[in-house]
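Undergrad:
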Amino acid sequence: MNNSEQKYYKMNIAGLDRELPICPLNDKLSIAGFVMLGDYELVTACAKELNSKLPEHDYLIAPEAKSISLINEMARLAGEKKHFVARKGIKAYMTNPISVNVQSITTAKEQTLYLDGKDAELMKGKRIVIVDDVISTGESLIAVEKLIAKAGGIVVGRAAVLAEGDAADRTDIIYLEKLPLFFN
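End of the sequence shown = 192 in this note's numbering, gap-free, step of one.
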């Protein structure tokens, strides 16, 4: 598809207008591609708005990678000194990592998420909020919840900038805007 054929979905997110490219997942379903990376104005606006909706917590955690700038800004604005990232691969600095498997709507194959053993120790008995850019099928959310459970943490909230498709009907997540699915 060349640029002149690209379709966009216009929406207002945290008071800012954005155009999201419509991206086909298969011949029957397309999604609006939401990428905050590099859009500091949007990251900051969303971080402020999400922070105002969160329950009391000790730590935030996000799955790698598109939510990292969001969780960094949320923690910075809230004056929190530490947050966690569920990584997609084991890093050399990790000691005794724990892991879970996940199948995301935007990833073709099953992935594994990892948490450093030192971070897992810090989570034990603590109130944790999971943060993501988009919640759609909820598979990534479930995987992060399993990591938190393995670490002995307590999930007290699930937050995202956008709730896509049926996720917008869930009552257990905090989100800023609904994002539709596009059926071809």
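Think of the CB as a built atom: it goes at the ideal place given N, C-alpha and C, for glycine as much as any other residue.
(1) Would you kindly work out how many angstroms separate the C-alpha atoms of GLU185 and ALA86, rounded to a whole number?
(2) Can you confirm whether VAL142, when its beta carbon is compared against all beta carbons of chain D, has any partner nearer than 8 Å?
(3) Give me the residue from TYR16, GLY41, LEU155 with the minimum Cα distance to ALA94.
(4) What did DSSP end up calling ASP66 once you bin it into helix, strand or coil?
(5) Taking the alpha-carbon positions, what's the TYR67 to GLY173 distance?
(6) Mind checking whether MET44 and ASP140 have CB atoms under 8 Å apart?
(7) Skipping 5 residues on each side, what residues in its chain have a beta carbon closer than 6 Å to that of ASN80?
(8) Looking only at its own chain, which residues have a Cβ that is under 7 Å from the Cβ of CYS31, when we skip the five neighbours before and after it?
(9) Write down the C-beta distance between MET4 and ALA55 rounded to the nearest angstrom, noting that I regard them as a contact closer than 8 Å.
(10) So the candidates are ASN192, LEU28, LEU24; which of them puts its Cα closest to the Cα of TYR17?
(11) Under 8 Å between the Cβ atoms of ILE150 and ARG166?
(12) Cβ of VAL137 within 8 Å of Cβ of PRO71?
(13) Among SER144, LEU189, LYS126, LEU58, whose alpha-carbon lies nearest the alpha-carbon of ALA171?
(14) So, for VAL163: in the same chain, excluding its five sequence neighbours on each side, which residues have a beta-carbon less than 6 Å away from its beta-carbon?
(15) If we count the other Cβ atoms within 10 Å of its Cβ and call it buried at 16 or more, is ASP124 buried or exposed?
(16) Curious, which full-length alpha helix (DSSP H) runs of at least 4 residues does the segment 113-154 contain?
(17) So what does PHE191 bridge to, in DSSP terms?
(18) Smallest Cα separation from SER60: which of SER75, GLU49, ALA22?
TA: Let me lay it out:
(1) Cα-Cα distance, rounded: 22 Å.
(2) Within the model displayed, chain D is absent; a lone protein chain is all it includes.
(3) Here the closest residue by C-alpha is LEU155.
(4) Here ASP66 sits in coil by DSSP.
(5) Rounded to the nearest angstrom, the gap between the Cα atoms of TYR67 and GLY173 is 28 Å.
(6) Between MET44 and ASP140, the C-beta gap is not smaller than 8 Å, which leaves the two residues out of contact.
(7) Around ASN80: no qualifying Cβ.
(8) Within the same chain, CYS31 has close Cβ partners SER38, ILE39, GLY41.
(9) No information on residue 4 is available, as it lies outside the stretch 9 to 192 that the chain covers here.
(10) Checking every option, the nearest Cα to that of TYR17 belongs to LEU28.
(11) ILE150 places its beta carbon 8 Å or farther from that of ARG166.
(12) No, these two residues do not count as a Cβ contact at 8 Å.
(13) The residue with the shortest Cα to Cα distance from ALA171 is SER144.
(14) Around VAL163: ILE136, GLU153, ILE156.
(15) Answer is buried; the Cβ neighbour count reaches 16.
(16) Secondary structure within the segment 113-154: the alpha helix (DSSP H) runs of 4 or more consecutive residues, fully enclosed, are 125-131 (chain order).
(17) PHE191 is bridged to LEU37.
(18) SER60 has its Cα closest to that of ALA22, out of SER75, GLU49, ALA22.
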